[in-house]
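All remarks here apply to the structure that follows.
In this note's numbering, the protein residues as written are 0 to 98.
Rendered as structure tokens:
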């Protein structure tokens, strides 16, 4: 099974920003500043400080395909960096509501 692509994970975040699918908190913080959410069966671990979304740390699809942040790679490998300013603001608003 192939791993998830950055663009596939970004699309889930876009779907949540557009409210095509609901963004729901599924667990308490793993570590301070981390929040686990679900979007249409996709589970994402996000680096969120209560106001700003910094990174998507990992994602697992319903088919058990996985994506993990690789900090050794160049810009564009984090789904959050592919969001528009408006999409990012919408996700941060939704995260603040579920947090």
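Don't be surprised by glycine CBs; every beta carbon is placed ideally from N, CA and C.
For residue i and residue j, I'd like the C-alpha separation in whole angstroms.
i          : j          : result
residue 1  : residue 56 : 18 angstroms
residue 42 : residue 85 : 22 angstroms
residue 66 : residue 93 : 22 angstroms
residue 61 : residue 87 : 24 angstroms
residue 14 : residue 51 : 19 angstroms
residue 68 : residue 77 : 6 angstroms
According to DSSP, is residue i helix, strand or coil?
i          : result
residue 23 : strand
residue 60 : coil
residue 69 : coil
residue 30 : coil
residue 18 : coil
Let me confirm a value: residue i is counted as buried when at least 16 other C-beta atoms fall within 10 Å, else exposed. Which label applies?
i          : result
residue 17 : exposed
residue 89 : buried
residue 11 : buried
Report yes if the C-beta distance between residue i and residue j is below 8 angstroms; otherwise report no.
i          : j          : result
residue 22 : residue 97 : yes
residue 36 : residue 25 : yes
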